[in-house]
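Chemist: Taken in order, the sequence shown gives residues 33 to 334; the numbers are from our numbering.
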Amino acid sequence: MKHPARPLRSIAALREAGLATAADPAALAAVAGRYAIAITPELVQLIDRADASDPIARQFVPDIRELQQRPEERADPLSEERLSPVPGIVQRYRDRVLLKLTHVCPVYCRFCFRREVVGPGGPQALAGKALAAALDYIAGAPNIWEVILTGGDPFMLSPRRIADVTQRLGSVSHVKVLRWHTRVPVADPERVTDDLVAALRSTPKTVYVALHANHARELTEAARAACARLVDAGIPMLSQTVLLKGVNDDAETLAALMRAFVEARVKPYYLHHLDAAPGTGHFRTTIAEGQRLMRALRGRLS
33 MKHPARPLRS IAALREAGLA TAADPAALAA VAGRYAIAIT PELVQLIDRA DASDPIARQF
93 VPDIRELQQR PEERADPLSE ERLSPVPGIV QRYRDRVLLK LTHVCPVYCR FCFRREVVGP
153 GGPQALAGKA LAAALDYIAG APNIWEVILT GGDPFMLSPR RIADVTQRLG SVSHVKVLRW
213 HTRVPVADPE RVTDDLVAAL RSTPKTVYVA LHANHARELT EAARAACARL VDAGIPMLSQ
273 TVLLKGVNDD AETLAALMRA FVEARVKPYY LHHLDAAPGT GHFRTTIAEG QRLMRALRGR
333 LS
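What follows is the structure, given as structure tokens:
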């Protein structure tokens, strides 16, 4: 089957690509009406259409089960709105803040805990007076040591805007570390350009990039090359993974993912349990299952 040249952003596009096969088209349309859809060509080509349980498709192709909301699920499962002193800032811990620069992503994960706000219909990118107010908050809080740049996906911004934010944060004396969280190296590796790397390096402060990937197949040759462009420029990389039923909830799959990270020079860092966002229950594992997997991984990984 021919792979798309552009991201798939609608049920019609998914159907044309052979990826929308739900028995209830109306329910699938309802999912698309509530939550954003985007799957990049790089990820589409990884999907095995002959495998009804394909772990790549499971992460990104809409599922009618997303309409099922469990009692424990919340639109804001991490209470980010309550922890936001000014728009764009979330402060859960004393020494660090999240700075949410955009609500746009290259690809929309079906389990995203911010799924109620990300997407083209979400809030505009943080800019102008709103960005200035967020940066003023950081500058006025000397206890803030680290700024975690997130979204959406902040690497969807232009290198010029990334450089601007980097330099403005770099001028705040008490901020020592900038950590950018992204899926771009796996979802759209060609966006990791020399200009993007230069933008990240436009401050003497310590800069990290945290890569979100959940299955070893996401670490393609192109993705590893994108990681290499960052690491070779002196930017250390960390991993962020969500434990997902049917994607990576067995020891062999997780071990393969962690080894793929290490081979790509990405330090394994986060393994999260899934947050209780609406319509994500079919991805959720139990705490006991997560503990069992951690025990199984000990001794398998260096």
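Quick reminder that beta carbons are idealized off the backbone N, C-alpha and C, glycines included. Just so it is clear, the structure is predicted and the values come from calculations on it, not from any experiment.
What residues are listed by DSSP as bridge partners for His135?
Modeler: Paired residue(s): none; His135 is not in a bridge.
Chemist: In the DSSP assignment, what are the bridge partners of His206?
Modeler: None; His206 has no bridge partner.
Chemist: At which residues does the beta strand (DSSP E) containing Leu181 begin and terminate?
Modeler: Counting along the chain, the beta strand (DSSP E) containing Leu181 begins and ends at 178-182.
Chemist: Note the first and the last residue of the continuous beta strand (DSSP E) segment covering Leu243.
Modeler: From DSSP, the beta strand (DSSP E) with Leu243 extends over 238-244.
Chemist: Determine the closest residue to Ile43 out of Pro236, Pro94, Ala82, with distance taken between C-alpha atoms.
Modeler: Checked all of Pro236, Pro94, Ala82; the closest Cα to Ile43 is Pro94.
Chemist: Taking 8 Å as the threshold (C-beta atoms), are Leu270 and Asn280 in contact?
Modeler: Not in contact: Asn280 and Leu270 (Cβ atoms no closer than 8 Å).
Chemist: Which of helix, strand or coil does DSSP assign to Ile88?
Modeler: Note: Ile88 maps to helix in three-state DSSP.
Chemist: Going by beta-carbon coordinates alone, are Val139 and Arg256 separated by less than 8 Å?
Modeler: Cβ distance not < 8 Å, so Val139 and Arg256 don't count as in contact.
Chemist: What are the boundary residues of the beta strand (DSSP E) that includes Gln272?
Modeler: Unbroken beta strand (DSSP E) run through Gln272: 269-274.
Chemist: Would you mind sorting Met188 into buried or exposed? The rule is 16 or more other CB atoms within 10 Å of its CB.
Modeler: Buried: at least 16 other Cβ atoms inside 10 Å.
Chemist: Which residue marks the beginning of the beta strand (DSSP E) containing Gln123, and which one marks its end?
Modeler: Counting along the chain, the beta strand (DSSP E) containing Gln123 begins and ends at 121-125.
Chemist: Report back the beta-carbon spacing between Glu104 and Ala308 to the nearest angstrom; my notes put them in contact at under 8 Å.
Modeler: Going by Cβ atoms, the distance from Glu104 to Ala308 rounds to 5 Å, so yes, they are a contact pair.
Chemist: According to the neighbour-count rule (16 or more other Cβ atoms, all chains shown, within 10 Å of its Cβ), is Asn175 buried or exposed?
Modeler: It counts as exposed.
Chemist: Is it right to say Tyr240 is buried, meaning 16 or more other beta carbons lie within 10 angstroms of its own, or is it exposed?
Modeler: Label assigned to Tyr240: buried.
Chemist: Grouping DSSP H, G and I as helix and E and B as strand, with all else coil, what is Lys299?
Modeler: Looking at Lys299 - three-state DSSP - the assignment turns out to be strand.
Chemist: Leaving out five residues before and five after Gln91 in sequence, what residues of the same chain have Cβ atoms less than 8 Å from its Cβ?
Modeler: Excluding sequence neighbours, Gln91 sits near Cys141, Arg142, Phe143, Asn246, His247, Leu276, Val279.
Chemist: Using 8 Å for Cβ pairs, my map puts Pro217 next to Ala258. What's the rounded Cβ distance?
Modeler: Rounded, the Cβ-Cβ distance is 4 Å, consistent with contact.
Chemist: For Val224, which of helix, strand or coil comes out of DSSP?
Modeler: Of the three classes helix, strand and coil, the one that applies to Val224 here is coil, per DSSP.
Chemist: Using the Cα positions of Ala292 and Leu251, report the straight-line distance between them to the nearest angstrom.
Modeler: Approximately 7 Å, taken between the alpha carbons.
Chemist: Helix, strand or coil for Val294 per DSSP?
Modeler: Of the three classes helix, strand and coil, the one that applies to Val294 here is helix, per DSSP.
Chemist: Within a Cβ cutoff of 7 Å, which residues of the same chain sit near Arg41, ignoring the five residues on either side of it in sequence?
Modeler: Hits under 7 Å: Ile69, Ala70.
Chemist: From Tyr301 to Pro268, what distance separates their C-alpha atoms?
Modeler: Looking at the two C-alpha atoms, the distance is approximately 12 Å.
Chemist: Buried or exposed: which applies to Asp56, given that a residue is buried once 16 or more other Cβ atoms fall within 10 Å of its Cβ?
Modeler: By the 10 Å Cβ count, Asp56 comes out exposed.
Chemist: Taking the Cβ atom as the reference point for each residue, do Lys237 and Gly202 lie within a distance shorter than 8 Å?
Modeler: Taking 8 Å as the Cβ cut-off, Lys237 and Gly202 qualify as a contacting pair.
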